[in-house]
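Worksheet: one structure, shown below.
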Amino acid sequence: MRISQKLMPLGDGLGIALARIEKGEPLTADLNAVDRILKGHKVALLPFKAGEVIKKFQRPIGVASADIVPGQWVHDHNLAFDDSLASAMGEIAPSTSQKMQSQKHSFQGFDRGKGRVGTRNYVGIISTVNCSGTVCRIVAERANKELLAEFPNIDGFVPIVHQSGCGMANYDMSFDLLQRTLKGYIDHPNFGAVMVIGLGCEVNQIGAYAKAGQNGEQLTYFNMQQTGGTAQTVESALKALQPICSNLNQNSNRTPCDASHLMLGLQCGGSDGFSGISANPALGKAVDLLVQAGGTAILSETPEILGAEPLLLGGASAETKTKLMGCVKWWQDHARENSISLDNNPSPGNKAGGLTTILEKSLGAVSKAGTTPLNAYYDYAQQITHKGLVFMDSPGYDPVSATGQIAAGANLIAFTTGRGSCFGAKPAPSFKLASTSELFTTMEGDMDLDCGTVLDGRQDFDELGEEIFNAILAYASGQRTKSELLGYGDDEFIPWRFGAVL
């Protein structure tokens, strides 16, 4: 059957428009478009009756809310979310790719000892509370201007500030998550040294971090009330940084490190109709290569795996299955308790790009994980010790999710996007993968890799996956990502927060 060059069949009676298709334009030799079909949106190639389950890649994405005729645009006006479909999918057997012989790869990293390797050599200036955030920013800004040029082996000074640390209970989940996240950053291998600055009277007391930083970082503390206030704290901090940086610069050099020390956080944002058929599965190919090299990949954003979690469970242990499914149920209950639906997750931009339901979005999101079995489940910001593919619970909000992954140990972030997300998350270098060549060209200053090459046949997925994997090694070795060149990363630290503000 002759197919329009503007149409890609998806199976299950659906196609996706590779370019805008006008009403009446031929789709196949015997089928014309009934509606205008925007780029990235779905079109029916077979009829669907109202109430019939509609599938994409053999997985349910919703129910027809009206009769749909061939050639008709398929979107939220005639395709509805059905919560019951989220639990109707069976597990998928794991791929045999995990049985392939492991490949040895290396990168140039910073060996911190005890099996911890950094991809960057930053100095962190970390606040315990929002009250010390301004001082942390001033210290980092002045250090970058006044000190950095003296120390070529240091990548920069990073303020890690937030809007929490007081006005909260010191025994609830929000407090525990904040402390767990901050300790993860203090211990992060991409920090060669850390300065923690508090106010003095906050709920999140600086003493809680006395035992942090025991994995190779140089650690210094200041309380503004004890030091004499804003100006005195800034000057004292800058004075203290001079010998710290001298020592760090002298004792920090990139050396060959095995790729098994890489921990890659997987993120997607501003997804579109192409994300699940280009950028996400291409990243999944690279994840398979990373796992074969002994490394670790972290999938998160729990609300964005709804209905697709069975794709992760084939080959997983009973314990991991139980934890992951319990986590998904918690999110469903959490949404209901707050009078919302997880189907609210696809944003207006997602829908404008062709995604209709959370089930459809989830199918694409999960493909970032590749084909190897899920090895373990972790709570938000919990330190990750397993190799291979793991899952960490988090909201779908990218900055909160990436913050948790970095706290858990991710020393790189891979971020796929279809609409054009602009994102960076120091201290982990973040690189962005564009789902289409049009996006890559339009926002070339922000996009690192063009995944539209698999849509027009310039590359196959194996070739693109290898290119992404090689880029991972290059970024880990010091090559700057677009977000780093643009200066992103000082405002994306957002720990997950619950509860009342007191």
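Residue numbers for the sequence shown follow our numbering, beginning at 1189 and rising by one. We put the CB at the ideal spot given by N, CA and C, even for glycine. Remember, it's a predicted structure, so these values are computed and weren't measured experimentally.
- Note on Asp1460: 16 or more other CB atoms within 10 angstroms of its CB, so buried under the neighbour-count rule.
- In the same chain as Leu1690, and ignoring 5 residues on each side of it, the C-beta atoms closer than 8 Å to its own belong to Gly1355, Met1356, Ala1357, in chain order.
- The C-beta distance from Ile1225 to Thr1316 rounds to 53 Å, too long to meet the 8 Å contact threshold.
- Assignment of beta-bridge partners to Arg1247 by DSSP yields Lys1244.
- If you look at Ala1381, you'll find it in the beta strand (DSSP E) that goes 1379–1386.
- The closest CA to that of His1449, considering only Glu1632, Gly1416, Ala1232, Ala1664, is found on Ala1664.
- The region 1582–1599 and the region 1426–1433 do not touch, with fewer than 3 CB-CB distances between them shorter than 8 Å.
- Distances from the CA of Glu1654 to each of Asp1476, Ala1254, Asp1360 were compared; the closest alpha carbon is that of Asp1476.
- Its Cα nearest to that of Val1311, the residue His1376 stands out among Leu1627, His1376, Ser1555.
- Ranked by how close their Cα comes to the Cα of Leu1273, the residues Val1241, Ala1254, His1265 have Val1241 in first place.
- In the three-state reduction of the DSSP assignment, Val1516 falls in the helix class, which pools H, G and I.
- Look at Lys1399 here: in three-state DSSP terms it is coil, with no helix or strand label.
- Annotation for Met1361: the continuous alpha helix (DSSP H) segment containing it runs 1361–1374.
- In this structure Glu1390 is in contact with Cys1319, their Cβ atoms being roughly 6 Å apart against a cut-off of 8 Å.
- Here the region 1556–1571 does not lie against the region 1338–1348, with fewer than 3 beta-carbon pairs under 8 Å apart.
- By the Cβ test, the region 1636–1644 is in contact with the region 1465–1480, since at least three Cβ pairs between them sit closer than 8 Å.
- Looking at Gly1633, Glu1423, Glu1632, Ser1625, the one whose alpha-carbon comes closest to that of Arg1646 is Ser1625.
- Collapsing the DSSP output to three states places Ala1425 in a helix.
- Just so you know, the alpha carbons of Phe1619 and Gly1675 end up roughly 13 Å apart.
- Here the alpha carbons of Met1631 and Glu1210 stand approximately 26 Å from one another.
- Annotation: the continuous beta strand (DSSP E) that includes Asn1563 extends over 1562–1566.
- For Asn1220, same chain residues with a beta-carbon under 7 Å away, outside a window of 5 residues either side, are Gly1212, Glu1213, Pro1214, Gly1259 in chain order.
- Just so you know, the alpha carbons of Asp1531 and Ala1540 end up roughly 15 Å apart.
- Cα atoms of Ser1609 and Leu1652: separation of roughly 21 Å, rounded to the nearest angstrom.
- Straight across, the Cα-Cα distance linking Ala1662 with Gly1239 is about 50 Å.
- Nearest C-alpha to Asp1270 among Val1578, Asn1563, Leu1547, Phe1686: Leu1547.
- A residue is called buried when at least 16 other Cβ atoms come within 10 angstroms of its Cβ; Asn1658 does not meet this threshold and is exposed.
- Of all alpha-carbon atoms in Ser1294, Leu1202, Thr1559, the one lying nearest the alpha-carbon of Ile1256 is that of Leu1202.
- Put simply, the region 1414–1423 does not touch the region 1433–1444. Fewer than three CB pairs are less than 8 Å apart.
- Ranking Asp1299, Ala1481, Gly1542 by CA distance to the CA of Lys1292 puts Ala1481 first.
- Pairing Gln1593 with Ser1488 gives a Cβ-Cβ distance under 7 Å.
- Boundaries of the beta strand (DSSP E) harbouring Ile1204: 1202–1205, taken from the DSSP string.
- In this structure, the CA atom of Gly1597 is about 11 Å from the CA atom of Met1580.
- Per DSSP, the continuous beta strand (DSSP E) segment holding Asn1411 begins and ends at 1406–1411.
- DSSP places Leu1652 in the uninterrupted alpha helix (DSSP H) bounded by 1649–1664.
- Assignment of beta-bridge partners to Cys1639 by DSSP yields no partner.
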